[in-house]
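Working notes, beginning with the structure itself.
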Amino acid sequence: MSSSTRERAGRLPWMLVVPAVAGLVFLVLPLAGLLIRAPWSTLGPRLAEPHVLEALRLSVVCASVATLICLVLGVPLAWLLARVSFPGRRLVRALVTVPLVLPPVVGGVALLLVLGRRGIVGQWLESAFGITLPFTTAGVVIAEAFVAMPFLVISVEGALRGADQRFEEAAATLGASRWVVFRRVTLPMIMPGVVAGAVLCWARALGEFGATITFAGNFPGTTRTMPLAVYLALETEPEAAIVLSLVLLAVSVIILASLRDRWVNSP
Amino acid sequence: MPAAAGEPVSGRGAAGEEAVSLRARLRVNRPAFTLDIALDVAPGEVVALLGPNGAGKTTALRALAGLTRMSGGRISLRGRDLDGLPAESRPIGMVFQDYLLFPHLSALENVAFGPRCRGVAKAEARRAAAALLERVGLADKAAARPRQLSGGQAQRVALARALAVRPELLLLDEPLAALDAHTRLEIRSQLRRHLDDFDGATVLVTHDPLDAMVLADRLIVVEGGAIVQQGAPAEVARRPRTDYVARLVGLNLYRGVAAGSGVKVGELLLHASEHFDGPAFVAFPPAAVALYRSRPDGSPRNLWQARIDGIERHGDNVRVHLGGPVSAFADITPAAVAELDLSPGQRIWASVKATETHAYPA
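In the order they appear, the protein sequences are chains G and W. Each residue of the first sequence is one higher than the one before, starting from -6 at the first, in my numbering. Each residue of the second sequence is one higher than the one before, starting from 51 at the first, in my numbering.
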C-alpha cells in the first residue's frame, strides 16, 4: 500500500546510485561476514557452554528488569511531558533525551560520581542502608535503565501526543478522575506505543556496553552481560565471540520484525 | 416531620424556585473572541443553542461541562454552584458530536463506564447499562465494539452512556450532525422521545434549524458570542430578528420603520398585516413573491421593480435572487421561469401580498 514514486524515463544518475549501493554494502557486508564465519557445526555445543548461558541469562534478566523500571518511571514522565504544561517543560524534555546522545561511557562515569561509594547519593545509600550499587548486578540494571529510558519516554510521549485528547474529556464528563482517565482510557489507547517503546528500550538495554562496563565492571555471573562477554571472548576464543554476536544479531532481527508495521513499512 | 400546612402556600413563589434547574452566565474571553451569554433552563426543558460555526455554541457547552475554563460568570444547577468544580465532579452527561465512544471497550462497557467511575459496583453498573441499551433498542449490540456500530447505533450508545450517570444536566453537542440524512430522520424522532423522558435540564447545540425545531422547547440563537434572539421555535421561525435566523427559517427579512400598516424599508414602503409605529422588522417568505415582466394590473400593494441577480435550483422550485431597492429571494416554479423567460441582469416587477407580509417591533 506504500505509494511508489512513479518511475521516470531516463537513466538514473550514477552520482547517486554508486554511493547508494556502496552505502548498502557497507551496512550489510559486516553482518554477512558474521554469518559466513560463524562456526555453524559447533553452534549448538558452544551455545550450551555454561559461561555463555550465564551471560545470556544475566543479559535477559538485567534488560528485562531495566525495562520494567523504565516503564514504571518513564510512562508517567512521558504523560507529564505530553499532558501537563509547566514552566521549563521544553528544558525537561531536552534533559530526558540527553542519555540518547551522550557517549555511554560518560553516562557510566556520571553514574559512578553520583551512585559510587564516594558519590553524592551513593555515600548516603551505603551509610544509611548498606547498599552499594557499583560493580553489582543492580548496577548493571541501573546503567541499562539510564541509557535506555529515553527510547521509552520518546515513544510513549509521541503516542500520547497522537492520541485524541477528547476521549479523555469524554471520560471526565462521565466522572472519571485524572488517574482513572489515564488507567482506563489513555493507557489502553496508547498501548501500541508503550509496547513499541518497551521493545526498543529492552533492545537498547540488552546491547548496553559502555555505561555497564564503566559503572558495573566485568565480573562473570554478576555483571558480565553478552556484549561484555563478546568483547572479552574476542581476545581469547574468537569463535565464542562470533556465536554470542549471532545471538545478539538474532535478537535484533526479531525485534525489527516485531516492529515492522511501525517502522519498516513507513513511507 | 412537621406537616407543610403552616408554610405559606403561595404556590407560584415555591414553583418559581423549582422552575429553574440550570441558571448560568457564561463568559469566556479568548484573543479575538468573547463569549458572554446567560441562560436559564427549567427541569425537563430542552434548550437549543443555534448559531453559525464559530458563534461560540460549543464553547458555551464546554464551559457548562467544565471542559473549558470560564473567564467569569456563574453556573448554578438546582441551586448548587458548579463553576468551581472540575468536569468529573459535575452532575452532567454529555453527548459529543462524533460520540467519542471508547474504542477499546464494548458498547456495554462504554455505558457502564460512568456509573463505575461514580462508585457503582461492577455487576450493578453492567445491569444498569444493559437496561439502558435495551431502552435505546440496542440490547443485541451490548458486546459490539464501537467500530462495529453504525453511525445511528453509535449515537444511541453515546446517549445511553450520557444518561447512565443519571445527570441533572444533559449536554448534546451537534448530536445528529454526523449522521446521513435517512438515519438522521429516524434518530431525531427517537432522540426527541428520550429527551421527553428525561426530567433534568437539557442544553443542545446545533446549526441545523430542523434539529432545533424538532428537539427543543426553546431556541437561543447565538451569533458572535452573544445571544441575538430567543423564544419558542415557532416564534423564532415566524419572527426572525437577524439575517442568519431569517436565512435558516427561509424568510426575506428587512429592518425598517413602521407607521400604521406600512413599513418603510429604505426607499420602499411595504404594507403588512400588522399595525403599529416605530422601528420594525418586516418578513415574507420567498414563495409569496410573484414576478411579472410588465407592471401588473390591479396594482398589488407591495410592488417594486427589481433586477435579477441570479437564478438557481431550490428543491422542486427555482430561487431567483433579486436586487434593487431591497434584495430578496423569490421562489417560483420552473414553468414560470420559462414563461417569463428570465435571465440574469433583466429588470422585472416583483410583488408580495400584504397578507403574507408580517411586521413586528424591532
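Positions of the beta carbon are idealized from the N, C-alpha and C atoms, including for glycine. As the structure is a prediction and not an experimental result, all values here were calculated from the model.
Is residue i close to chain W, meaning its C-beta is less than 8 Å from at least one C-beta of that chain?
i: F175 (chain G); result: no
i: G214 (chain G); result: no
i: V257 (chain G); result: Model confidence at V257 (chain G) stands at a pLDDT of 46, short of 50, so the residue's coordinates are unreliable; what they give is reported in the following sentence. Judged by the 8 Å Cβ criterion, V257 (chain G) is not in contact with chain W.
i: A325 (chain G); result: Since the first residue of chain G shown is -6 and the last is 260, residue 325 (chain G) is not available in this structure.
i: F160 (chain G); result: yes
i: S170 (chain G); result: yes
i: V178 (chain G); result: yes
i: L167 (chain G); result: yes
i: P181 (chain G); result: yes
i: V246 (chain G); result: no
As a quick exercise: from the options, pick the residue whose alpha carbon is nearest that of residue i.
i: P81 (chain W); options: W:L89, W:S121, W:A113; result: W:S121
i: Q205 (chain W); options: W:I277, W:R343, W:R234; result: W:R234
i: E138 (chain W); options: W:S126, W:C167, W:A110; result: W:C167
i: L199 (chain G); options: G:L84, G:L108, G:I135, G:V187; result: G:I135
i: F331 (chain W); options: W:R343, W:V313, W:G348; result: W:V313
i: V145 (chain W); options: W:I87, W:A228, W:A105; result: W:A228
i: E273 (chain W); options: W:A284, W:M263, W:T256, W:D261; result: W:T256
i: R50 (chain G); options: G:T215, G:A204, G:G210, G:L252; result: G:T215
i: D90 (chain W); options: W:L390, W:G275, W:I270; result: W:I270
i: S57 (chain G); options: G:C194, G:A209, G:L5, G:A189; result: G:C194
i: P259 (chain W); options: W:L150, W:T407, W:V286; result: W:V286
i: H14 (chain W); options: W:Q355, W:V96, W:R305, W:R195; result: Residue 14 (chain W) is absent from the model: chain W starts at 51 and stops at 412.
i: I489 (chain W); options: W:V96, W:A110, W:A193; result: The requested residue 489 (chain W) does not occur in the structure, where chain W is confined to residues 51 to 412.
i: P283 (chain W); options: W:L135, W:A98, W:G365; result: W:A98
i: R363 (chain W); options: W:S377, W:V387, W:D347; result: W:V387
i: L88 (chain G); options: G:L70, G:R76, G:V98; result: G:L70
i: D157 (chain G); options: W:A105, W:F152, W:A338; result: W:F152
i: G275 (chain W); options: W:L72, W:S71, W:L100, W:A92; result: W:L100
How big is the Cα-Cα spacing for residue i and residue j?
i: F163 (chain W); j: L61 (chain G); result: 29 Å
i: L241 (chain G); j: R217 (chain G); result: 15 Å
i: V186 (chain W); j: G373 (chain W); result: 50 Å
i: E57 (chain W); j: A69 (chain W); result: Confidence is the limiting factor: at E57 (chain W) the pLDDT is only 38, short of 50, which leaves the residue's position unreliable and the question unanswerable from this model.
i: P384 (chain W); j: H232 (chain W); result: 27 Å
i: G168 (chain G); j: L132 (chain W); result: 14 Å
i: Q116 (chain G); j: V11 (chain G); result: 57 Å
i: V244 (chain G); j: P141 (chain W); result: 53 Å
i: V140 (chain G); j: W172 (chain G); result: 28 Å
i: Q240 (chain W); j: E224 (chain W); result: 15 Å
i: K191 (chain W); j: V207 (chain W); result: 9 Å
i: A53 (chain W); j: I87 (chain W); result: Per-residue confidence for A53 (chain W) stands at a pLDDT of 40, beneath the threshold of 50, marking its modelled position as unreliable; the derived number appears in the next sentence. Straight-line Cα distance between these residues: approximately 41 Å.
i: A48 (chain G); j: E230 (chain G); result: 15 Å
i: S120 (chain G); j: A204 (chain G); result: 25 Å
i: R369 (chain W); j: G300 (chain W); result: 11 Å
i: P336 (chain W); j: R357 (chain W); result: 15 Å
i: N352 (chain W); j: Q147 (chain W); result: 45 Å
i: P217 (chain W); j: L73 (chain G); result: 31 Å
Among all the DSSP beta bridges, which residues are the ones paired with residue i?
i: W399 (chain W); result: W:Y342, W:Q355
i: I29 (chain G); result: Note: I29 (chain G) sits in no beta bridge, so no partner.
i: T252 (chain W); result: W:V96, W:L220
i: I142 (chain W); result: W:L219
i: H321 (chain W); result: W:G312
i: Q279 (chain W); result: W:V271
i: E362 (chain W); result: W:R369
i: R130 (chain W); result: W:L127
i: Y304 (chain W); result: W:V332
i: L72 (chain W); result: W:V91, W:L127
i: H408 (chain W); result: W:A333
Does any CB atom of chain G fall closer than 8 Å to the CB of residue i?
i: L260 (chain W); result: no
i: I125 (chain W); result: no
i: A113 (chain W); result: no
i: L150 (chain W); result: yes
i: L117 (chain W); result: yes
i: A171 (chain W); result: no
i: R211 (chain W); result: yes
i: F163 (chain W); result: yes
i: F146 (chain W); result: yes
i: V215 (chain W); result: yes
i: H232 (chain W); result: no
i: I398 (chain W); result: no
i: H154 (chain W); result: yes
i: E218 (chain W); result: no
Nearest chain A C-beta to residue i closer than 8 Å, yes or no?
i: R168 (chain W); result: The structure shown has no chain A; the protein chains it does contain are G and W.
Open item on the list: Three Cβ pairs or more, each shorter than 8 Å: is that satisfied between the stretch 119 to 138 of chain G and the stretch 172 to 182 of chain W?
Closed with: The stretch 119 to 138 of chain G is not in contact with the stretch 172 to 182 of chain W.
Task: the stretch 151 to 169 of chain G in contact with the stretch 178 to 185 of chain G per 3-pair CB rule at 8 Å - done: Taking a contact to require three or more Cβ pairs closer than 8 Å, the stretch 151 to 169 of chain G and the stretch 178 to 185 of chain G qualify as touching.
Task: the stretch 280 to 295 of chain W contacting the stretch 124 to 131 of chain W, beta-carbon criterion three pairs below 8 Å - done: Because the criterion of three Cβ pairs below 8 Å is not met, the stretch 280 to 295 of chain W and the stretch 124 to 131 of chain W do not touch.
Task: Cβ contact (3+ pairs, closer than 8 Å) linking the stretch 141 to 158 of chain G and the stretch 231 to 239 of chain G - done: In short, these stretches do not touch, since the Cβ pair count stays below three.
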